[in-house]
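First comes the structure, then the notes that go with it.
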Amino acid sequence: MSDAVGAQPSAAEEWRLLLSGAADGARNMAVDEAIFRARAEGLAPPTLRLYRWLPPAVSLGRFQALDERIDVAAVAARGYGLVRRPTGGRAILHADELTYSVVVREADISGGEALMTSYREISRGIEAGLGYLGVDAALGTEADGGGRGGGLPTICFAKAARCDLVSEGRKVVGSAQTRSRGVILQHGSIPLTIDLDDLLAVLPGPTDRPLEERRRKVREAAVGVSELVGRSVIFDELAGAIRLGFARALGVVLRAGELLPEEVRWAEELTASKYGAREWTEKAPPRRDDD
Amino acid sequence: MFPEDLRYHEGHAWVREDGEELTIGVTQYASEEMGEVIFAELPEEGAELERDEPYGSIESAKAVEDLVAPVSGTVVRRNEAVLDAPETINDEPYGEGWLIVVRAEEDGGLDSLLSAEEYRAHVGAPDAEDSAEEEEEELEEEEELEFDEDE
C-alpha cells in the first residue's frame with residue numbers, strides 16, 4: 159500500500175533508459191521484476207524500459223484464473239508464449255506492440271505516493287510521446303470501452319479503465335501497476351496494430367456470442383497506433399517518440415544504459431524459478447476471478 | 683473515516699483490540715484511494731506476521747499492492763467471506779471488510795501504532811472532519827443496525 163507521507167516528491171533528474179529489444183514473455187516479466195527489486199534496494203536509478211515480445215505472448219493478470227477464456231491450445235499452436243504478470247488486470251496478447259515499463263520510487267515522481275496521481279504522471283510521458291506522432295490520447299474514464307461490466311471480459315484490450323489511455327474513444331494504451339515497499343512498477347502495452355483474428359483466436363471472449371459481434375466489440379473498444387496515425391508506424395519510430403515525450407513531459411534526462419549485474423542475475427533466476435515455471439503461470443487463484 | 687476506537691499503522695492498516703486478539707483491516711482512506719478491490723490474497727491460519735512486512739496482496743481496479751503487517755504475530759483466522767466478495771473492503775472497511783485476526787507477539791509493535799488523530803495527520807486529511815460526511819456515516823451505521831435486526 160502506498161505510504162502517504164515522506165519527503166515532498168522531488169523529480170529525479172536523470173533516469174535510465176533501457177532499450178531491451180525483443181525477448182520471450184518469461185524473460186520480459188523477469189527483467190521488469192529484477193529492475194523493481196534493484197530500485198527497492200537502491201541499486202538502480204528510476205528506469206524507463208521499452209521492449210517487445212518474441213515470440214508474441216499472452217500475459218495474464220497476477221490473480222487471473224487460467225481458464226477456458228484463454229485458448230491455451232491456440233496459443234501453443236501459434237508458437238506463442240504464455241506468462242503471468244506481476245501486475246493485475248486481464249489477459250493481453252502482446253504481438254505487434256511496444257511495451258513500456260517504468261520503475262520508480264514513490265518520491266521519484268510527482269504525486270507518486272497515490273495510485274491515480276502516479277498513473278497520471280507516468281501517463282503524461284506516454285501521452286506526450288504519442289503526441290509526437292499526432293495521436294491525441296488521454297486517460298480514460300470508467301465509461302470508456304463500456305465501463306464496468308461492459309466490453310468483453312477477460313480481454314484487457316476490449317475494456318478501457320480510468321488508468322488506460324484512450325484516443326478517439328478507443329483504448330490505445332493499457333497499463334497496470336504493482337507497488338511494494340514504496341516502489342512502483344507500471345508497465346503498459348501499446349499496440350502498433352491489432353490483428354483481430356489472432357487476438358480472438360487466443361482470447362476468444364464469450365464464445366456464446368457470434369464471432370462477428372466479438373470482432374466488432376474489440377474494434378470499437380481498442381485501436382493500434384498505426385490506425386490512429388493513418389500510416390504504418392514501426393516499433394523504432396514509436397520508441398523514439400515515447401522516449402522524447404517522456405523526457406519532455408516529466409522533465410527528466412533519459413540516459414541509455416544497461417541492466418546492472420545484479421539485475422542480470424535476478425532476471426535469470428526469476429525467469430527460471432518464477433515466470434518460466436508452470437507453477438507460477440498456471441497457479442489458480444485461491445478464490446474466484448472477478449469476471 | 684477514522685474511528686477513534688481503532689489504532690492505525692502507516693501502511694494503512696487498522697487494528698481493533700479484543701482481548702488478546704487483534705482484528706486487522708484496511709483503512710477507509712486506503713480503500714478509497716485504491717478504488718474497487720477485485721481480489722485479496724490473505725495468509726492462512728497459523729501464518730506468522732512480521733511488523734512492517736508484507737503479509738498479503740490486494741488487487742484493485744488497476745494495481746496490485748502489498749498488505750503490510752501492523753504488528754508481529756500469528757494469524758488466528760482470516761475473513762473467508764471477503765475472499766469471495768472482496769468489494770466488501772470498499773463497502774465496509776471497518777466492519778465486514780476486516781481481513782485477519784492475529785494473536786500479537788508480546789513485543790509485536792502494538793504500542794507504536796498510531797491513534798486516529800495521528801493517522802489522520804499522517805495521510806494529510808483535514809483536522810476538522812467534514813461534519814456532513816460523519817453524519818452520513820452515522821446514518822449508514824444506523825441503517826446497518828436496522829438491517830441486522832431484520833435478519
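Chains as they are written, first to last, in the numbering used here: chain A, 159 to 449; chain B, 683 to 833. Note that the Cβ used here is the ideal one computed from N, Cα and C, for glycine as well.
Interface flag, residue i vs chain B, CB-CB below 7 Å
{"i": "S431(A)", "result": "no"}
{"i": "F221(A)", "result": "yes"}
{"i": "T257(A)", "result": "no"}
{"i": "T245(A)", "result": "yes"}
{"i": "L273(A)", "result": "yes"}
{"i": "G303(A)", "result": "Low per-residue confidence applies at G303(A): pLDDT is 43, beneath 50, and the placement is therefore not dependable, though the value from the model is reported in the following sentence. Judged by the 7 Å Cβ criterion, G303(A) is not in contact with chain B."}
{"i": "H345(A)", "result": "no"}
Below-7 Å beta-carbon distance, residue i vs any chain A residue
{"i": "E715(B)", "result": "yes"}
{"i": "A751(B)", "result": "no"}
{"i": "E811(B)", "result": "Residue placement at E811(B) cannot be trusted, given a pLDDT of 48 that sits under 50; the coordinates are not used to answer."}
{"i": "E741(B)", "result": "yes"}
{"i": "F721(B)", "result": "yes"}
{"i": "A745(B)", "result": "yes"}
Chain A contact residues for residue i, given Cβ-Cβ distances below 8 Å
{"i": "D748(B)", "result": "M159, R337, S338 and R339"}
{"i": "A729(B)", "result": "Here the premise fails: no neighbours, minimum Cβ distance about 13 Å."}
Secondary structure of residue i, DSSP reduced to three states
{"i": "L177(A)", "result": "strand"}
{"i": "E702(B)", "result": "coil"}
{"i": "L350(A)", "result": "coil"}
{"i": "D355(A)", "result": "helix"}
{"i": "R339(A)", "result": "coil"}
{"i": "G707(B)", "result": "strand"}
{"i": "E172(A)", "result": "strand"}
{"i": "A729(B)", "result": "coil"}
{"i": "L208(A)", "result": "strand"}
{"i": "E686(B)", "result": "coil"}
{"i": "H345(A)", "result": "strand"}
{"i": "A745(B)", "result": "strand"}
{"i": "A202(A)", "result": "coil"}
{"i": "V331(A)", "result": "strand"}
The beta strand (DSSP E) enclosing residue i, as first and last residue numbers
{"i": "R197(A)", "result": "Per DSSP, R197(A) belongs to no beta strand (DSSP E); it is in the alpha helix (DSSP H), G183 to A198."}
{"i": "H691(B)", "result": "R689 to H691"}
{"i": "E723(B)", "result": "V719 to E723"}
{"i": "G738(B)", "result": "P736 to S742"}
{"i": "L323(A)", "result": "L323 to S325"}
Residue i - containing alpha helix (DSSP H), residue span
{"i": "E714(B)", "result": "Q710 to M716"}
Interface residues of chain A facing residue i [CB-CB closer than 9 Å]
{"i": "E736(B)", "result": "The sequence given here has Pro at residue 736(B), not Glu. Result: S338 and R339."}
Contacts of residue i in chain B (Cβ-Cβ under 7 Å)
{"i": "L297(A)", "result": "None at all; the shortest Cβ gap to chain B is about 11 Å."}
{"i": "A249(A)", "result": "Neighbours of A249(A) on chain B: none; closest Cβ ~14 Å, over 7 Å."}
9 Å Cβ cut-off: residues of chain B touching residue i
{"i": "A192(A)", "result": "Near A192(A) there are no residues of chain B at all, since even the closest Cβ is about 17 Å away, more than 9 Å."}
{"i": "A334(A)", "result": "K744, A745 and V746"}
Practice task
Please list the segments of the beta strand (DSSP E) lying wholly inside the segment 357–444 of chain A, counting only runs of 3 or more residues, in order along the chain.
Solution key: 411–414
Practice task
Within the segment 218–304 of chain A, note down every full alpha helix (DSSP H) run reaching 4 residues or more, in order along the chain.
Solution key: 230–235 and 273–290
Practice task
Output the residue ranges of the alpha helix (DSSP H) runs that lie fully inside the segment 750–816 of chain B and measure 4 residues or longer, sorted by chain position.
Solution key: 762–766, 770–773 and 798–804
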